[in-house]
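Below you'll find the structure, written out as structure tokens, and then a few comments.
Protein chains in written order, with my numbering: chain A, 970 to 1276; chain B, 22 to 246.
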């Protein structure tokens, strides 16, 4: 079998040399396509992380009016716990809220020094097992959406003792829609690029076959099987797509290290993709590259299938 | 060895290349197929290689009915058939040795078989000293010898030659004919399409004459016309 394998690789190398420029074009298109493909998956992953962070500890915050009357907290807690989907209700008194505030804005003295604890509101933090239960809480407390002049909205409530309810639902919905649009459009571009990569690789193979039509004709005459004729070209396509895949993976790591990791300092609250998120993409990118090569091979050599 | 039974070939454009042709060629025979251009000689060769299929009738080569074998088996059929053409069909970027070894390599022969057979067959056709020459360094006659070596290196049962002397001067043509005769004497069935009158007359072999796709003469020890 050894000379056979050697034969295939020698023929493949000869093909790549002969068609250098076109092979390079095919490789770089595969690279761009696979890079965008991986990028769309990474963007989707990033949004998934953000959404999980936000919905994973979905808390509805019911801010209480000052001063908090005795009895308000147990009354509201009891009411809220009756709703299905409410897992836990916690009372955050002024001390606890203030500590949390100081922790959040640690290192930013402009906020911490100018905000006395007395202005920080107390609240009931409600942990939901389902995001959809949010509307039940607002209707229970008789809240209505009030638009503020700056475009923000919050829930103004009729229930005595309640100042307002922080509305995350709209934010979550918007985020979800944004995620979907962004990753769908990047994915769409990736699919178009993959199609053009297939076209270019197929074209390279076809040009290679055309350049060697005399050789192929002789191979047919002396009784070479179709596979023996085609395999070098298939390997050629596979090599081009795989080189594209390897550079695309390298490109994704570069993006991760030089772009994503730079954000880590500026936005500490934002969950970011890790190296392992890129690593789990690798088999998918290689798989997509193999798919490109196989489809390109099938298209590129269709005309040469007849004996 | 070769048998055409009431074979008709009509091309897709409606041209009838062969019409009701029946020919029997035994093992070890040497046969000339003669006739003017367009009489069907090349079509006959294409049918024997299964590059074309007969529209009607049956074609047998080496005991196999070509209309019955699958395209998957066609390469294996062709390994039993050597082919030689007017234009040699040599690869210019390969040496004499490589041109011949290529034929063995692409059918999966191992290196020690190649290293043994290629010099042997090149010696046989009289090019033992030109193994490393490139085709453009050779005369037409020498190039045709390389192509005959390539056709015979896998020891085919049948050698099909389509105008092998068409590009050669008379003296060189005679040398090529001597070589084909030598190949025939070791048992290879040779079918040669030609319109080289001098050669056909000199060899006194069996002659099948085609005219407008029909066999008009089939004569043993015949002449051109």
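Glycine residues also receive a C-beta, built at the ideal position from the N, C-alpha and C atoms.
Spatial distance of residue i from residue j (CA atoms)
i: residue 1073 of chain A; j: residue 988 of chain A; result: 60 Å
i: residue 151 of chain B; j: residue 117 of chain B; result: 7 Å
i: residue 113 of chain B; j: residue 1226 of chain A; result: 51 Å
i: residue 233 of chain B; j: residue 1258 of chain A; result: 55 Å
i: residue 106 of chain B; j: residue 183 of chain B; result: 5 Å
i: residue 1009 of chain A; j: residue 1128 of chain A; result: 45 Å
i: residue 47 of chain B; j: residue 1184 of chain A; result: 32 Å
i: residue 155 of chain B; j: residue 216 of chain B; result: 29 Å
i: residue 44 of chain B; j: residue 60 of chain B; result: 15 Å
i: residue 149 of chain B; j: residue 141 of chain B; result: 8 Å
i: residue 1130 of chain A; j: residue 1036 of chain A; result: 9 Å
i: residue 1089 of chain A; j: residue 1063 of chain A; result: 7 Å
i: residue 1140 of chain A; j: residue 1148 of chain A; result: 12 Å
i: residue 1154 of chain A; j: residue 1143 of chain A; result: 16 Å
i: residue 169 of chain B; j: residue 39 of chain B; result: 27 Å
i: residue 1134 of chain A; j: residue 1156 of chain A; result: 37 Å
i: residue 1081 of chain A; j: residue 1069 of chain A; result: 11 Å
i: residue 970 of chain A; j: residue 1245 of chain A; result: Confidence at residue 970 of chain A is low in this model, with a pLDDT of 46, below 50, so the placement of that residue is unreliable and no value is reported for it.
i: residue 1192 of chain A; j: residue 89 of chain B; result: 18 Å
i: residue 285 of chain B; j: residue 1203 of chain A; result: What the structure shows of chain B is the stretch from 22 to 246, and residue 285 of chain B is not part of that stretch, so it cannot be assessed.
i: residue 997 of chain A; j: residue 974 of chain A; result: 27 Å
i: residue 27 of chain B; j: residue 159 of chain B; result: 43 Å
i: residue 1077 of chain A; j: residue 1083 of chain A; result: 10 Å
i: residue 1050 of chain A; j: residue 1056 of chain A; result: 7 Å
i: residue 1240 of chain A; j: residue 1014 of chain A; result: 11 Å
i: residue 74 of chain B; j: residue 95 of chain B; result: 12 Å
i: residue 193 of chain B; j: residue 109 of chain B; result: 14 Å
i: residue 1046 of chain A; j: residue 1235 of chain A; result: 38 Å
i: residue 1103 of chain A; j: residue 1029 of chain A; result: 7 Å
i: residue 1087 of chain A; j: residue 1109 of chain A; result: 28 Å
i: residue 205 of chain B; j: residue 211 of chain B; result: 6 Å
i: residue 185 of chain B; j: residue 35 of chain B; result: 29 Å
i: residue 23 of chain B; j: residue 243 of chain B; result: 19 Å
i: residue 1052 of chain A; j: residue 1159 of chain A; result: 45 Å
i: residue 131 of chain B; j: residue 982 of chain A; result: 20 Å
i: residue 176 of chain B; j: residue 101 of chain B; result: 7 Å
CB contact check: residue i to chain A, cutoff 8 Å
i: residue 124 of chain B; result: yes
i: residue 228 of chain B; result: no
i: residue 216 of chain B; result: no
i: residue 112 of chain B; result: yes
i: residue 169 of chain B; result: no
i: residue 128 of chain B; result: yes
Delimiting residues of the alpha helix (DSSP H) encompassing residue i
i: residue 1219 of chain A; result: 1195–1224
i: residue 145 of chain B; result: 132–145
i: residue 1066 of chain A; result: 1063–1073
i: residue 1040 of chain A; result: No alpha helix (DSSP H) contains residue 1040 of chain A, which DSSP labels as neither H nor E.
i: residue 1031 of chain A; result: No alpha helix (DSSP H) contains residue 1031 of chain A, which is instead part of the beta strand (DSSP E) from 1028–1033.
i: residue 106 of chain B; result: That residue, residue 106 of chain B, is in no alpha helix (DSSP H); its beta strand (DSSP E) goes 102–106.
i: residue 98 of chain B; result: 95–99
i: residue 1107 of chain A; result: 1103–1109
i: residue 1263 of chain A; result: 1244–1269
i: residue 1240 of chain A; result: Where residue 1240 of chain A is concerned, there is no enclosing alpha helix (DSSP H), given that its DSSP letter is neither H nor E.
Test: residue i CB closer than 8 Å to a CB of chain B
i: residue 1205 of chain A; result: no
i: residue 1225 of chain A; result: no
i: residue 1183 of chain A; result: yes
i: residue 1276 of chain A; result: Here residue 1276 of chain A scores only 46 on pLDDT, less than 50, and its place in the model is too uncertain to base an answer on.
First through last residue of the beta strand (DSSP E) which encompasses residue i
i: residue 1183 of chain A; result: That residue, residue 1183 of chain A, is in no beta strand (DSSP E); its alpha helix (DSSP H) goes 1182–1190.
i: residue 240 of chain B; result: 235–240
i: residue 951 of chain A; result: In this structure chain A extends from 970 to 1276, so residue 951 of chain A is not present and cannot be described.
i: residue 24 of chain B; result: 23–31
i: residue 1113 of chain A; result: 1112–1116
Unbroken beta strand (DSSP E) runs of length 3 or more, entirely within the stretch 46–90 of chain B: which are they?
-> Counting only runs of 3 or more, we get 51–55, 77–82.
Output the residue ranges of the beta strand (DSSP E) runs that lie fully inside the stretch 172–230 of chain B and measure 3 residues or longer, sorted by chain position.
-> Those beta strand (DSSP E) runs which fall completely within the stretch 172–230 of chain B and span 3+ residues are 179–183, 210–215.
Compile a chain-ordered list of the residues in the stretch 1186–1197 of chain A whose CB is closer than 8 Å to at least one CB of chain B.
-> For chain B, the residues of the stretch 1186–1197 of chain A that bring a beta carbon within less than 8 Å of one of its beta carbons are 1186, 1187, 1188, 1189, 1190, 1191, 1192, 1193, 1194, 1195, 1197, in chain order.
Kindly provide the ranges of any beta strand (DSSP E) runs that are 3 or more residues long and lie completely inside the stretch 1121–1176 of chain A, ordered along the chain.
-> Counting only runs of 3 or more residues that sit fully inside the stretch 1121–1176 of chain A, the beta strand (DSSP E) segments are 1122–1126, 1131–1134, in chain order.
What residues from the stretch 95–107 of chain B come within 7 Å of chain A, judged by C-beta to C-beta, listed N to C?
-> Here the close residues are 95, 96, 97, 99, 100, 104.
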